[in-house]
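**Student:** Taken in order, these protein sequences are the chains called H, E and W. Positions 1 to 280 (our numbering) are the ones given, in order, by the first sequence. Positions 1001 to 1263 (our numbering) are the ones given, in order, by the second sequence. Positions 2001 to 2266 (our numbering) are the ones given, in order, by the third sequence. Please find one structure pasted underneath; my questions will follow.
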Amino acid sequence: MQVSADDLLVLEGLSKRYPTGDRALRDVSLRLPAGQVTMLIGPSGAGKSTLIRCVNRLVEPTAGRVLLRGEDVARLPASGLRRARRRMGMIFQEYALVERLTVMENVLSGRLGYLDFWRSTLRRYPADDIAAAFALLERVGLGGFADKRADALSGGQRQRVGIARALIQSPEILLVDEPTASLDPKTSRQIMRLICELCAEKGLAAIVNIHDVALAKMFAQRIVGLRAGEIVFDGPPADLGPDILTRIYGEEDWTAARETDEDDADERPEDPLRLAEARA
Amino acid sequence: MSARAWSPPPLIANPWLRRGLALAAAAYLLAAVSSIEVNWERVREGLDRGAAFVASFARPDFVSRWGDIHEGIVESLSMTFAATAIGIALALPVGLGAARNLAPAPVYALCRGVIALSRTFQEIIVAILFVAMFGFGPLAGVATLAFATIGFIAKLLAEDIEDIDPAQVEAIRATGATWPQILVYGVAPQVMPRMVGLSVYRLDINFRESAVIGIVGAGGIGATLNTAFDRYEFDTAAAIILVIIAIVMGSEYLSSVVRRRLQ
Amino acid sequence: MTAVPVWRKRNRREALTVWLGWIAGILLFAWSWKAVSDATMWVFVADAHIQAADMLSRMVPPRWSYMERLWRPLWDTLNIATLGTLLGLAIAVPVAFLAARNTTPSRAFARPLALLIIVSSRSINSLIWAMLLVTVLGPGMLAGIVAIALRSIGFIGKLLYEAIEEIDPTQVEAIQATGASRLQVLTHAIAPQVMPALAGISVYRWDINIRESTVLGLVGAGGIGLQLMASVNVLAWPQVTMIFIAILATVVASEWLSAKVRHAII
């Protein structure tokens, strides 16, 4: 695969086999230009979460290359990995805020990669970072929440904090893992809209894992379908017809009903489980 | 836009209270540390002994006092088993009586009183009293450990019983069961697994305690250990401590196996 | 005629195991009791009730005036418990991080070592530590403080490392994903999650340490136990009662305080 200058992120032959023997990714290759929002769809266990986590190496890929502006993240030593992770903001399904810290501390923790240990431990963040954090909180609609504790917020508010934390890293790309899976339908749309608006404002690329096909079609510029660790579709949302959905998800009457939100709620637990196994 | 200042909110919001507490803590620490009287001469002298003791772990002497060690350990173990069995047997009625959802008020108060009494005093203090009553020897130790076991087991049993699912008891009562039948079919199945685990745990604690109450003459390995220290026979002391650690580790492993099998 | 269906709670083998278990238990108890009984002078036990009544009559009334000489030992006892807890805490926290599966720097080396420290500290009663330290450091508070600290390491270390292993891993992942270093992950993702547990465990151990430091004096390691041993040795029972009352009051007060503090934390 030829790497061109305007490709932000290129995945080459990316594979992941967990110690349990599960092959979560099989030889995945993908290129993402700067500024493009790509939605990753596929059934539970298709490897969506693994793919996103292989990019910033929260999960170590077994084989393949992850080129961020031409630099292979998969081969970086620890210090290089830290610098690469600063350039990739991550947003999580269950928000993954540090519950007992305040909103402000959660947002500022996005700057940890830029700070030395003592400064961050004594909470002496540079004035610029603090100003940026206030501005971002304002932007995601949480002005005035700075000193609230994270566990006092609602789901939608927590995810907004998660977004601010990812953005304060000044990333070039956002890795977004099921951002709406724990939210109600209305909040889901608001959050997706916010993420896409911010990507447009700041010229960010994004890979978004998502269960909700309708939501994906509504917001994506490009959709990638994953099934059993392999890419089975890659194209614009308009091309996503019933036959393609069948290829991704298997046989189902796609015209009869829109995907319901209840499905979302109970279809997601496979990935955390796998992660736990990978860590064990 | 001007930079807004931000600092993490303090744990205690009221600044006077915060500073007052910090000051009080600092003052207390200062007073406490200055109350330690240390004879540095003695410490320096002792450090050699300390080094000798640490070194003796490398070559523990099981042999020269093996007779005493063996006797002490066997005595500790027999005290532990006897005291745990007696203690649990006595703890069961006390625990039943101390459960608010089963016992009438006077029985409840009495049993809670027994538990509080047993839990307040250190085993070694109880041992002093029992030695005064029964004379030196392991019987005083058994009495001490059994008494401590009553408080420990009865309290946890009572709490477990108070936490049981009342619907299950109701269901058994609805079949026309008598009070003992309710206990056996409605209560026991709910508290049994944890009780067995706790009993094994208490066995473990009793062994550890049996190693110290010998200091005041209540039998067990503690007396042997105390003698070894008094005579500066560190090799023997190290051997005894190693035996204790080995037995504790063994029983801890055993209790983890038992608890896992029960779940 | 059809056979009557048989139902048993346990099958034959399970039933056998249960019976064998009971028999082994009873034999063990019989052996233990015989060993204890052989080493007991039953003549003395026979008049135990006389001894007890005699002791009780000597113990009351307590010698209230003795209290004025107990304030200083009580203050020492409190200091032994507090300083010992703090010292133990300072050592136990790093040990716990070395012992927890998800924070240890090396599973092959650091973790087993940390677990060994925890197990040895837990196996040995603080009185044994005190006996040992009195021979090394000489009698006095210092030996008591170090003894309490050594015993606390295992207790705090064990409970803390279990708490560390139970933290939410996604919060840790989120902080890792920002490019934070290992130490920053520790202070920003792990520490906030285990802080309440650590505070609760420390206060709980402090409460236990107050009880334990009341008896350390029996082996010469300072605190009110010294007075207790002296009074017991000269059979000054009214003083012993006074000491018991002082200990009881201290223990009740510390229990009340620790319950208050733990309640405030949670």
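Note that CB positions come from ideal geometry on N, CA and C, so glycine has one too. Treat the numbers as computed from the prediction; the structure is a model and nothing was measured.
Is G1046 (chain E) close to chain W, meaning its C-beta is less than 8 angstroms from at least one C-beta of that chain?
**Tutor:** Yes, its Cβ sits closer than 8 angstroms to a Cβ of chain W.
**Student:** Which residues mark the beginning and the end of the beta strand (DSSP E) in which K16 (chain H) is found?
**Tutor:** Per DSSP, K16 (chain H) belongs to the beta strand (DSSP E) from D7 to R17.
**Student:** Identify each residue in the stretch 2215-2228 of chain W for which the Cβ-Cβ distance to at least one residue of chain E is less than 8 angstroms, and report them in chain order.
**Tutor:** Taking 8 angstroms as the Cβ-Cβ cut-off against chain E, the residues of the stretch 2215-2228 of chain W that qualify are V2215, L2218, V2219 and L2228.
**Student:** Kindly identify the DSSP beta-bridge partner or partners of G235 (chain H).
**Tutor:** According to DSSP, which records beta bridges pairwise, G235 (chain H) is partnered with H:I223.
**Student:** Which same chain residues end up closer than 6 angstroms to L2087 (chain W) when comparing Cβ atoms and leaving out the 5 residues on each side of it in sequence?
**Tutor:** The residues are A2149.
**Student:** Keeping to the same chain, check which residues put their C-beta closer than 7 angstroms to that of I1088 (chain E); ignore five residues upstream and five downstream.
**Tutor:** Around I1088 (chain E): T1149, I1153 and S1199.
**Student:** By the three-class DSSP mapping on this structure, what secondary structure does R258 (chain H) have?
**Tutor:** Unreliable placement is indicated for R258 (chain H), whose pLDDT of 48 sits below 50; no coordinate value is reported for it.
**Student:** Do I2080 (chain W) and G2222 (chain W) have their CB atoms nearer than 8 angstroms?
**Tutor:** Contact: yes.
**Student:** From the DSSP output, which residues share a beta bridge with M90 (chain H)?
**Tutor:** Beta-bridge pairing links M90 (chain H) to H:L175.
**Student:** Which residue comes first and which comes last in the alpha helix (DSSP H) that contains D2038 (chain W)?
**Tutor:** Looking at the DSSP string, the run of the alpha helix (DSSP H) that includes D2038 (chain W) is R2012 to D2038.
**Student:** Within 10 angstroms of its Cβ, does I1012 (chain E) collect 16 or more other Cβ (buried), or is it exposed?
**Tutor:** The residue is exposed, with fewer than 16 neighbouring Cβ atoms inside 10 Å.
**Student:** Leaving out five residues before and five after I1213 (chain E) in sequence, what residues of the same chain have Cβ atoms less than 7 angstroms from its Cβ?
**Tutor:** Only E1123, I1124, A1127, G1141, T1144, G1220 and G1222 meet the Cβ criterion.
**Student:** Which two residues bound the contiguous alpha helix (DSSP H) that contains L40 (chain H)?
**Tutor:** Per DSSP, L40 (chain H) belongs to no alpha helix (DSSP H); it is in the beta strand (DSSP E), V37 to I41.
**Student:** On the DSSP letters alone, give me the boundaries of the alpha helix (DSSP H) that N106 (chain H) sits inside.
**Tutor:** Counting along the chain, the alpha helix (DSSP H) containing N106 (chain H) begins and ends at V103 to L108.
**Student:** Tell me the rounded alpha-carbon separation between W2022 (chain W) and L2028 (chain W).
**Tutor:** For W2022 (chain W) and L2028 (chain W), the distance between alpha carbons rounds to 10 angstroms.
**Student:** With a threshold of 8 angstroms between beta-carbons, can T2040 (chain W) be considered close to chain H, or not?
**Tutor:** No, its Cβ sits nowhere closer than 8 angstroms to a Cβ of chain H.
**Student:** Could you tell me the alpha carbon to alpha carbon distance between A2253 (chain W) and K2260 (chain W), rounded to whole angstroms?
**Tutor:** Their backbone Cα atoms lie some 11 angstroms apart in a straight line.
**Student:** Closer than 8 angstroms, CB to CB, is E259 (chain H) near chain E or not?
**Tutor:** No answer about E259 (chain H) holds up, because its pLDDT of 45 lies below 50 and its placement is not dependable.
**Student:** Kindly say whether S49 (chain H), judged by its beta-carbon, lies nearer than 8 angstroms to any beta-carbon of chain W.
**Tutor:** Not closer than 8 angstroms to any Cβ of chain W, the Cβ of S49 (chain H) fails to qualify, so no.
**Student:** Can you give the Cα-Cα distance for V1248 (chain E) and I1215 (chain E), rounded to whole angstroms?
**Tutor:** Their Cα atoms are separated by approximately 19 angstroms.
**Student:** Note down the Cα distance separating A2249 (chain W) from R1018 (chain E), rounded to an integer number of angstroms.
**Tutor:** The alpha-carbon atoms of A2249 (chain W) and R1018 (chain E) are separated by roughly 29 angstroms.
**Student:** Using 8 angstroms as the threshold, is the stretch 1221-1236 of chain E in touch with the stretch 1056-1076 of chain E, meaning 3 or more CB pairs across them?
**Tutor:** Cβ pair count under 8 angstroms is three or more, so yes.
**Student:** Return no unless some Cβ of chain W is closer than 8 angstroms to the Cβ of G1250 (chain E).
**Tutor:** So no, G1250 (chain E) is outside the interface.
**Student:** Since F134 (chain H) meets chain E, which of its residues come closer than 7 angstroms, beta carbon to beta carbon?
**Tutor:** Ordered by position in chain E, the residues that pass the 7 angstroms Cβ test against F134 (chain H) are R1004.
**Student:** By how many angstroms is the C-alpha of L2235 (chain W) removed from the C-alpha of P2073 (chain W)?
**Tutor:** Going by the C-alpha atoms only, they are around 20 angstroms apart.
**Student:** Counting only runs of 4+ residues fully inside the stretch 2064-2101 of chain W, write out the alpha helix (DSSP H) ranges in chain order.
**Tutor:** You should have 2071-2099.
**Student:** To be precise: take each residue of the stretch 134-167 of chain H, compare its Cβ to all Cβ atoms of chain E, and keep it if any distance is under 8 angstroms. Which residues remain?
**Tutor:** Per Cβ criterion, the list reads F134, A135, A146 and D147.
**Student:** Go through its chain and collect everything with a Cβ distance to D1204 (chain E)'s Cβ below 8 angstroms, but skip five positions before and after it.
**Tutor:** If we look at D1204 (chain E) and ignore the five residues flanking it on each side, its Cβ neighbours are V1248, S1251, E1252 and S1255.
**Student:** By the 10 Å Cβ neighbour count, where 16 or more other Cβ atoms means buried, how is P2105 (chain W) classified, buried or exposed?
**Tutor:** By the 10 Å Cβ count, P2105 (chain W) comes out exposed.
**Student:** For D1160 (chain E) versus V1191 (chain E), is the C-beta distance shorter than 8 angstroms?
**Tutor:** Yes, the Cβ-Cβ distance between D1160 (chain E) and V1191 (chain E) is below 8 angstroms.
**Student:** Whole angstroms is fine: what's the gap from E259 (chain H)'s alpha carbon to L2198 (chain W)'s?
**Tutor:** Low confidence applies to E259 (chain H): its pLDDT is 45, below 50, so where it sits in the model is not reliable enough to give any reading.
**Student:** For L14 (chain H) and C54 (chain H), what's the separation of their Cα atoms in angstroms?
**Tutor:** Those two C-alpha atoms are separated by around 8 angstroms.
**Student:** Classify H2263 (chain W): buried if its beta carbon has 16 or more other beta carbons within 10 angstroms, exposed otherwise.
**Tutor:** Exposed, since its Cβ has fewer than 16 Cβ neighbours within 10 Å.
**Student:** Which residues mark the beginning and the end of the beta strand (DSSP E) in which N209 (chain H) is found?
**Tutor:** Start and end: A205 to N209.
**Student:** Using a Cβ cut-off of 8 angstroms, which residues of the stretch 1048-1080 of chain E contact any Cβ in chain H, in chain order?
**Tutor:** Residues: none.
**Student:** Is DSSP giving L2235 (chain W) helix, strand or coil here?
**Tutor:** If DSSP states are grouped into helix, strand and coil, L2235 (chain W) belongs with coil.
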